[in-house]
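Sequential numbering from 131 applies to the sequence shown in this note's numbering.
Encoded as structure tokens, the structure appears first; notes follow it.
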Amino acid sequence: MVLYTSPFPNSFLSVLHSFSWGLIFPCYWLADRLVGSFVPTTYEKRQRADDPCYFHALCIIITTPIYLALLVASLPFALIGFLLWSPLQSARRPYIYSRLKDKNHANGATLLTEWKAAGSGKSFCFGSANVCLLPDSLARFNNVFNTQARAKEIGRRIRNGASRPQIKIYIDSPTNTSISAASFSSLVSPQAGDNRTVNAGIKRTTSMEYKGDNCGSNNGEENREDKGGSGEPHEGEENTCIVRINGEENGHMSDTETDTVNGQARASGPTEPSLEGDAETSKTPNHKQKEGDSGSLDSCSASRESLVKVRVGDGTVDQSTVNNKLLYKASIMKKTSVRKKKHTDETFDHEISAFFPANLDFLCLQEVFDKRAAEKLKEQLHHYFEYIVYDVGVYSCNGCCSFKFVNSGLLFASRYPVMDAAYHCYPNGRGMDSLASKGALFLKVQVGSTPQDQRIVGYISCTHLQAIAGDTTVRCEQLDMLQDWLSEFRKSTSSSSTANPEELVAFDVLCGDLNFDNCSSEDKLEQQHSLFTHYKDPCRVGPGEDKPWAIGTLLDPEGLYDEEVCTPDNLQKVLESEEGRKGYLVYPTSKNHSSSQKGRKASLKGNGRRIDYMLYTEEGLYLEWKVEVEEFSFITQLAGLTDHLPVAMRLMVSTGEDDP
131 MVLYTSPFPN SFLSVLHSFS WGLIFPCYWL ADRLVGSFVP TTYEKRQRAD
181 DPCYFHALCI IITTPIYLAL LVASLPFALI GFLLWSPLQS ARRPYIYSRL
231 KDKNHANGAT LLTEWKAAGS GKSFCFGSAN VCLLPDSLAR FNNVFNTQAR
281 AKEIGRRIRN GASRPQIKIY IDSPTNTSIS AASFSSLVSP QAGDNRTVNA
331 GIKRTTSMEY KGDNCGSNNG EENREDKGGS GEPHEGEENT CIVRINGEEN
381 GHMSDTETDT VNGQARASGP TEPSLEGDAE TSKTPNHKQK EGDSGSLDSC
431 SASRESLVKV RVGDGTVDQS TVNNKLLYKA SIMKKTSVRK KKHTDETFDH
481 EISAFFPANL DFLCLQEVFD KRAAEKLKEQ LHHYFEYIVY DVGVYSCNGC
531 CSFKFVNSGL LFASRYPVMD AAYHCYPNGR GMDSLASKGA LFLKVQVGST
581 PQDQRIVGYI SCTHLQAIAG DTTVRCEQLD MLQDWLSEFR KSTSSSSTAN
631 PEELVAFDVL CGDLNFDNCS SEDKLEQQHS LFTHYKDPCR VGPGEDKPWA
681 IGTLLDPEGL YDEEVCTPDN LQKVLESEEG RKGYLVYPTS KNHSSSQKGR
731 KASLKGNGRR IDYMLYTEEG LYLEWKVEVE EFSFITQLAG LTDHLPVAMR
781 LMVSTGEDDP
């Protein structure tokens, strides 16, 4: 299948489309500004509370007639542009595939080595987030604003979080089964070609601080060698450090051990200032983080929950120079880390993390509706992801029953090459949702090859369902269509036969904003849909019941700018407590109680509405391989930038072979 690298088949149509949109844009921008001036966010309201009450009203009185006059003047040009723009959409392609040509700008992509399926297995990490990048006037109804600046900051935070080196902690203690999910949120920079094992006599997990320059930069071929052996990373895992913590009943380090650790830290050299590629000052309240905010990876002190901090730059620095600037500071935590497996019957680790997972391989985003914001977001993500599919969807009446003003809002980013892609639009959208070409994006990626030259591939699907509450029937119909499209895409892109397999399927993942949860009584039909018999939800016990550690992913918009949750660290700490979740997550609606979120705390049950899903299936995969969930995470790194919590899942594909 040919991947579309431009929205139109020839340059003439592209120029004509740019011209028509140039006529429309002034009217669109003025209307957006005009409406936005009447929809303040809670952050703006708090700022204006200290100013004279007439100042904002005076601004509106002055600017509104100006906007109206310019809007009226631009209408004739917008009408001409629309008459040109609308018929052009019949020739428009359903997505744009962008591949980074200069790999020196990608801190993560160049670290990949081709998986040969020769070891015991390989892990793949998937992320999903609803980022609410609508036109600014519409985003304000969700209590977020400044879409263009938010898009850039969202991309920067994601790439900074994902480009961190990975650390794995193994705790040798008969009384403590926690693992701290260190490969998700902990940071360390191993010596080139050396996967070190650090031993410390600590019963509980340690808190470490790391400061270094450009730790996420490319390490070259040195880190790709000598991966085998017991206790070493699986094949293809880059920048992995093994930390072993031996259990002691008293839970304390001896003075000798403490002096040794501190002596190594002092000998490692002084800390250098941060190298930050984004010098532009942000205009929104949550873009410039406070001291200690782990979400930006620019803080000078370690988060309580983060084992290591990293300062990430965009340039390339010699790895030997980086290693000479490492600074480790070990201290004993007074209580068990919250990242431990609180439910010992669970087979994988789970946590609320202030970071996107290290070595994130695939990212699926929803609500990237604004095209200018999509370009800014793509530019930032390309610092880490080599392959991006964006501007997904249709416009006008092309391919759907009703007129579409905006695209699907879906965006996909990958460190692995995309082989095939397809998009389908849901034809049954209602209300405001019918104005967007909501649908599903299906992708096939190549993640390696066998010594017999068989391709190793994976399937990833991203979708966004009907959002209006009460539209249960619509969502169920969309889930039916989604299943049919999934089956069709697998059949149309498969080049293998049972007798002569040319491809080995390693994983099949479905993620996105499904707009229903697993605890609301109003969502019973969706909870019992047959999709969940084919795809597994790591957070779900069964219809209507989530696992105790699973939390909601829909934040209460009114509290986005509260000091308690306005930074990733603060939001993480709040969501770790039941009372905190009741104050800042949206819970299922109840007819028996007040509609006020804070007025019905005592009656709330569960852990909030979890409407963002990460599903996987074992059907249709290579029979000799086994797929298991290794880690699952709820992420707070986008605190203040969106009203959803991103989610991430790491899958381990086990081949059943021993490490060489």
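We treat Cβ as the ideally placed atom computed from N, Cα and C, and that holds for glycine.
Only a predicted model underlies this, so the values are computations on that prediction, with no experimental measurement involved.
request  = Assuming residue 641 and residue 253 form a contact by the criterion Cβ under 8 Å, report the distance between their Cβ atoms to the nearest whole angstrom.
outcome  = As a position in the sequence shown, residue 641 is number 511, starting the count at 1. As a position in the sequence shown, residue 253 is number 123, starting the count at 1. Not a contact, Cβ separation roughly 17 Å.
query = Who pairs with residue 245 in a beta bridge, going by DSSP?
reply = Locating residue 245 in the sequence shown gives position 115, where the first residue counts as 1. Paired residues: 578.
Neighbourhood of residue 133 by C-beta, 7 Å cutoff - its chain only, sequence neighbours within 5 removed = Locating residue 133 in the sequence shown gives position 3, counting from the first residue. Excluding positions up to five away in sequence, the list reads 227, 548 and 551.
request  = Please check the pair residue 757 and residue 637, which I expect to be a contact at CB under 8 Å, by giving their CB distance rounded to whole angstroms.
outcome  = Here the question's residue 757 lines up with position 627 in the sequence shown. Here the question's residue 637 lines up with position 507 in the sequence shown. Confirmed, about 6 Å.
key: Through-space distance from residue 755 to residue 250, alpha-carbon basis   = Taking the first residue of the sequence shown as position 1, residue 250 is located at position 120. Taking the first residue of the sequence shown as position 1, residue 755 is located at position 625. Straight-line Cα distance between these residues: approximately 10 Å.
request  = Take residue 169 and list the residues in its own chain whose beta-carbon comes closer than 8 Å to its own, dropping the five residues that flank it on each side.
outcome  = Locating residue 169 in the sequence shown gives position 39, where the first residue counts as 1. So the list reads 267, 270 and 271, once near-sequence residues are dropped.
query = Would the beta-carbon of residue 612 fall within 7 Å of that of residue 570?
reply = For the purposes of this step, residue 612 is taken as the residue at position 482 of the sequence shown. For the purposes of this step, residue 570 is taken as the residue at position 440 of the sequence shown. Cβ distance < 7 Å, so residue 612 and residue 570 count as in contact.
ask   = Taking the alpha-carbon positions, what's the residue 660 to residue 491 distance?
value = Start at 1 with the first residue of the sequence shown, and residue 660 comes out as number 530. Start at 1 with the first residue of the sequence shown, and residue 491 comes out as number 361. So the two alpha carbons sit approximately 28 Å from each other.
task = Please report the Cβ distance between residue 260 and residue 774, rounded to the nearest whole angstrom; I am assuming they are in contact, meaning their Cβ atoms lie under 8 Å.
result = Counting from one through the sequence shown, the residue named residue 260 turns up at place 130. Counting from one through the sequence shown, the residue named residue 774 turns up at place 644. The pair is a contact, with the Cβ atoms about 4 Å apart (cut-off 8 Å).
query = How many whole angstroms separate the CB atoms of residue 274 and residue 262, which I take to be in contact at a CB cut-off of 8 Å?
reply = What you label residue 274 is simply residue 144 of the sequence shown in a count that begins at 1. What you label residue 262 is simply residue 132 of the sequence shown in a count that begins at 1. Confirmed, Cβ separation roughly 6 Å.
ask   = What are the boundary residues of the alpha helix (DSSP H) that residue 664 is part of?
value = By 1-based counting over the sequence shown, the position of residue 664 is 534. That run of the alpha helix (DSSP H) goes 661-664.
ask   = In this structure, does DSSP put residue 160 in helix, strand or coil?
value = Residue numbering aside, residue 160 sits at position 30 when the sequence shown is read from its first letter. Residue 160: helix per DSSP, three-state reduction.
message = Between the alpha carbons of residue 658 and residue 673, how many angstroms are there, rounded?
response = Position 528 of the sequence shown, counting from 1, holds the residue named residue 658. Position 543 of the sequence shown, counting from 1, holds the residue named residue 673. Cα-Cα distance, rounded: 6 Å.
key: Every unbroken beta strand (DSSP E) inside the region 470-541 [3 residues or more]   = 479-483, 492-498 and 517-520
message = Once DSSP output is grouped into helix, strand and coil, what is the label at residue 634?
response = Position 504 of the sequence shown holds residue 634. Strand at residue 634.
message = To the nearest angstrom, how far is the alpha carbon of residue 286 from that of residue 265?
response = Stepping through the sequence shown from its first residue, residue 286 is reached at position 156. Stepping through the sequence shown from its first residue, residue 265 is reached at position 135. For residue 286 and residue 265, the distance between alpha carbons rounds to 20 Å.
inquiry  = Quick check: what's the CA-CA separation for residue 462 versus residue 587?
reply    = The residue labelled residue 462 in the question sits at position 332 within the sequence shown. The residue labelled residue 587 in the question sits at position 457 within the sequence shown. For residue 462, the predicted structure reports a pLDDT of 29, less than 50, and the residue's modelled location is therefore unreliable. A value from the coordinates is still provided. Using only the alpha carbons, I get a separation of about 43 Å.
key: Supposed contact pair residue 485 and residue 762 - C-beta distance, whole angstroms, cut 8 Å   = Along the sequence shown, read from residue 1 onward, the residue named residue 762 stands at position 632. Along the sequence shown, read from residue 1 onward, the residue named residue 485 stands at position 355. Contact doesn't hold; Cβ gap of about 14 Å is too wide.
message = Taking 7 Å as the limit between beta carbons, can you name the residues of its chain near residue 511, skipping five residues before and five after?
response = For this step, residue 511 is matched to residue 381 along the sequence shown. Taken in chain order, the residues that qualify are 285, 288, 289, 518 and 543.
inquiry  = I need the DSSP call for residue 721, collapsed to helix, strand or coil.
reply    = As a first step, residue 721 must be located in the sequence shown, where it is residue number 591. Residue confidence for residue 721 is low, a pLDDT of 46 falling below 50, so the modelled location carries little weight; the figure read from the coordinates is stated next. The answer is coil: DSSP assigns residue 721 none of H, G, I, E or B.
ask   = Going by C-alpha distance, which of 603, 596, 698 and 555 is nearest residue 765?
value = Position 635 of the sequence shown, counted from the start, is the residue given in the question as residue 765. Here the closest residue by C-alpha is 698.
Residue nearest to residue 533 in terms of C-alpha spacing, selected from 564, 504 and 555 = As a first step, residue 533 is located in the sequence shown; it is residue number 403 there, counting from the start. With distances taken between Cα atoms, residue 533 lies closest to 564.
inquiry  = Between the alpha carbons of residue 779 and residue 759, how many angstroms are there, rounded?
reply    = The sequence position of residue 779 within the sequence shown is 649, counting from 1. The sequence position of residue 759 within the sequence shown is 629, counting from 1. Rounded to whole angstroms, residue 779 to residue 759 spans 7 Å at the Cα level.
ask   = Taking C-alpha atoms, which residue in 167, 685 and 692 lies nearest to residue 198?
value = Taking the sequence shown and counting its residues from 1, the one referred to as residue 198 is at position 68. Among 167, 685 and 692, the Cα nearest to that of residue 198 belongs to 167.
query = Grouping DSSP H, G and I as helix and E and B as strand, with all else coil, what is residue 602?
reply = What you label residue 602 is simply residue 472 of the sequence shown in a count that begins at 1. It is helical.
query = Is it right to say residue 188 is buried, meaning 16 or more other beta carbons lie within 10 angstroms of its own, or is it exposed?
reply = For this step, residue 188 is matched to residue 58 along the sequence shown. Looking at its Cβ environment, which holds fewer than 16 other Cβ atoms inside 10 Å, residue 188 is exposed.
Residue 577 vs residue 245 beta-carbon contact at 7 Å = Position 447 of the sequence shown, counting from 1, holds the residue named residue 577. Position 115 of the sequence shown, counting from 1, holds the residue named residue 245. Taking 7 Å as the Cβ cut-off, residue 577 and residue 245 qualify as a contacting pair.
ask   = Rounded to whole angstroms, how far is the Cβ of residue 689 from the Cβ of residue 710, which I believe are closer than 8 Å?
value = On the sequence shown, position 559 is the one that residue 689 refers to. On the sequence shown, position 580 is the one that residue 710 refers to. That pair is no contact at about 10 Å.
Contacts around residue 750, its chain only, beta-carbon distance under 7 Å, and the 5 residues preceding and following it disregarded = Counting from one through the sequence shown, the residue named residue 750 turns up at place 620. Contacts found: 620, 635 and 638.
key: C-alpha distance - residue 686 paired with residue 715, whole-angstrom precision   = Looking up residue 686 in the sequence shown gives position 556. Looking up residue 715 in the sequence shown gives position 585. Cα to Cα, the separation comes out at about 5 Å.
inquiry  = Cutting at 6 Å between CB atoms, please list the residues of its own chain near residue 535, excluding the five before and the five after it.
reply    = The residue labelled residue 535 in the question sits at position 405 within the sequence shown. Same-chain partners within the cutoff: 565.
message = I need the boundaries of the alpha helix (DSSP H) containing residue 289, first residue and last residue.
response = Along the sequence shown, read from residue 1 onward, the residue named residue 289 stands at position 159. Its alpha helix (DSSP H) spans residues 277-292.
query = When DSSP builds the beta bridges, which residues end up paired with residue 227?
reply = Position 97 of the sequence shown, counted from the first residue, corresponds to residue 227. Answer by DSSP bridge pairing, in chain order: 519.
query = Under three-state DSSP, which class holds residue 653?
reply = Translated into positions along the sequence shown, residue 653 becomes position 523. Residue state, collapsed to three classes: helix.
task = Look up residue 748 in the DSSP assignment and say whether it is helix, strand or coil.
result = Within the sequence shown, numbered from 1, the residue matching residue 748 stands at position 618. Residue 748 falls in the coil class under three-state DSSP.
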